[in-house]
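Colleague:
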Amino acid sequence: SDTFKITDAEAKYRKAHVPNANKEESIRKGLDLFTEPLRSKFEQWMKLPEKVPDPTQLKKWAKLPPVQLWVRCHTGGAKKLLTILFESMEWFWPAGFGNLVVLLDDENPKDHLFADFLHYIK
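In the numbering used here, the protein residues as written are 15 to 136.
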């Protein structure tokens with residue numbers, strides 16, 4: 015959106031991650047990052063049907079400014095990301111309203127695998 019601007023101070027931390035082009039490989043490697051029961055929880059969550067925006071709700075939400083929710087996370091925080099944020103968004107965030115941006119550290123190779131995984135799920 016043109017109304018969302020990153021400040022110069024924030025821009026120095028921004029680096030676009032180019033995801034692995036192979037979706038199946040990215041999901042498999044991403045799931046391999048987790049032990050049970052978190053792995054099973056991610057697998058179950060990915061099987062949920064995609065939320066479809068309700069046209070009547072979209073009209074209502076369209077009157078509001080765009081929203082981008084930025085969350086800083088790392089692979090070690092995946093359990094909280096899934097159980098608190100993703101599940102809350104599934105229940106309480108209207109489909110088609112705004113974006114979720116997950117900021118990951120660049121130093122950890124596991125975070126790169128996690129970024130690829132997040133790119134291809136929901």
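A virtual CB, placed ideally from N, CA and C, is assigned to each residue, including glycine. None of the values given here were measured: they were computed from a predicted structure.
Sort Asn34, Lys73, Leu95 and Leu62 by Cα distance to Leu52 and report the nearest one.
Modeller: Residue Leu95 is the option with its Cα nearest to Leu52.
Colleague: Express the C-alpha separation of Lys77 and Lys61 in angstroms, rounding to a whole number.
Modeller: If I take the Cα positions, the gap works out to 32 angstroms.
Colleague: In this structure, how does DSSP classify Ser15 when only helix, strand and coil are distinguished?
Modeller: Confidence at Ser15 is low in this model, with a pLDDT of 40, below 50, so its placement is unreliable and the value that follows should be read with caution. Three-state DSSP puts Ser15 in coil, outside helix and strand.
Colleague: Apply the 10 Å Cβ neighbour rule to Asp16 and answer buried if 16 or more other Cβ atoms are within range, or exposed otherwise.
Modeller: Per-residue confidence for Asp16 stands at a pLDDT of 45, beneath the threshold of 50, marking its modelled position as unreliable; the derived number appears in the next sentence. Exposed is the call here.
Colleague: With DSSP collapsed to three states, give me the class of Trp84.
Modeller: It is a strand residue.
Colleague: Can you list the alpha helix (DSSP H) stretches of 4 or more residues lying completely in the region 56-119, in chain order?
Modeller: The region 56-119 contains these whole alpha helix (DSSP H) runs: 69-76 and 101-106.
Colleague: From Trp75 to Phe111, what does the alpha carbon distance come to, in whole angstroms?
Modeller: Those two C-alpha atoms are separated by around 7 angstroms.
Colleague: Spatial neighbours of Leu45 within its chain, please: C-beta separation below 8 angstroms, excluding the five flanking residues on both sides.
Modeller: The answer, listed in chain order, is Arg53, Phe56, Glu57 and Phe131.
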